[in-house]
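Numbering (the working numbering), first residue to last: 32 to 355. For glycine and all other residues, C-beta sits at the position ideal for the given N, C-alpha and C. Below is one structure; the comments refer to it alone.
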């Protein structure tokens with residue numbers, strides 16, 4: 032998140048180029064494992080039918096591009112974080128209504144508790160940062176939810192929010208599709224991760240001019256002082272890109288393996304709690320004040336986490352049960 036925020040701060044319209052490099056890196060890392068050469072023929076290995084991965088690709092591409100270009104429309108990083116914190120509840124709703132999954136009542140309340148707790152803690156932290164930066168006139172709500180800049184029009188901000196909503200819905204549906212594919216065809220998480228990043232690459236050719244513009248912006252950015260002292264002039268934005276790609280790659284691996292092994296809802300639960308723990312670490316590391324709202328959010332997340340663990344021990348109604 033830090034590398035992403037630094038990059039977007041310098042080049043707000045870099046969403047397509049950033050997404051392209053994220054997809055390219057993951058696809059390049061997975062290609063050697065899936066490329067098969069036999070009798071002078073080159074083919075790609077796969078267990079699940081390609082049509083399933085094409086569905087995954089479309090959803091993943093929509094989610095990734097929508098999330099990254101939302102910054103073009105006045106969406107701030109704190110608001111993006113708050114919005115994405117609701118992914119756990121979204122996963123529960125989509126799984127129940129669209130995929131006919133069965134969840135226990137305790138599972139529902141645990142999901143609701145964790146979602147509310149993370150939202151409260153995130154908003155409290157955004158408000159605290161506003162106070163520490165001297166923007167005391169901002170209220171608790173608009174400190175976290177206001178447009179990223181004062182010059183951004185409200186209409187643009189609405190578009191950005193709509194893009195975040197589109198990304199949230201599509202990535203939630205994608206998670207359930209992936210879980211179903213892994214279960215049905217016994218395909219690996221590595222396979223799903225590779226094809227969902229490999230197939231969309233030709234799509235970026237449609238935006239070649241935009242990619243070229245931001246490539247030049249990144250290449251002409253100020254060199255990182257650390258490397259400049261050694262005679263190496265590496266543009267700062269390219270360094271931010273490398274940091275973002277590697278951290279994003281580790282995150283993507285974890286998401287796909289968790290989805291394949293434990294199911295979509297558990298994957299969303301783990302990633303949501305991880306965001307919460309990262310936020311607590313940030314508060315401790317940067318010596319931010321821990322307000323009453325922080326404590327309320329923390330207690331609610333702990334209670335919700337305990338309830339979710341209890342729900343996993345239920346034999347008849349488990350949070351991971353697929354209907355036949």
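Apart from sequence neighbours up to five positions away, the residues of its chain that approach residue 327 with a beta-carbon distance below 7 Å are 151, ordered along the chain.
For residue 73, there is no enclosing alpha helix (DSSP H); the enclosing beta strand (DSSP E) has its first and last residue at 72-75. Nearest in C-alpha terms to residue 81, of all of 308, 269, 144 and 230, is 230. Looking at the DSSP output, residue 283 shares a beta bridge with no other residue. For the pair residue 98 and residue 115, the Cα-to-Cα distance works out to about 10 Å. Counting every other CB atom within 10 Å of its CB across the protein chains shown gives residue 71 a total below 16, marking it as exposed. For residue 266, the beta-bridge partners assigned by DSSP are 254. Excluding residues up to 5 positions away in sequence, 204 and 207 lie with their Cβ nearer than 8 Å to the Cβ of residue 129 in the same chain. The residue from 188, 200, 68 and 324 with its alpha-carbon nearest to that of residue 100 is 188. Cβ contact annotation for residue 212 (same chain, cutoff 7 Å, sequence separation greater than five): 79, 83, 218 and 223, in chain order.
In the DSSP annotation of this structure, the continuous segment of the beta strand (DSSP E) that includes residue 66 starts and ends at 66-69.
For residue 198, the uninterrupted alpha helix (DSSP H) run begins and ends at 185-216, by DSSP. Between the alpha carbons of residue 255 and residue 275 lies a distance of about 16 Å. Counting along the chain, no alpha helix (DSSP H) covers residue 322, and no H or E run does either. Closest by C-alpha distance to residue 250, out of 36, 35, 48 and 59, is 48.
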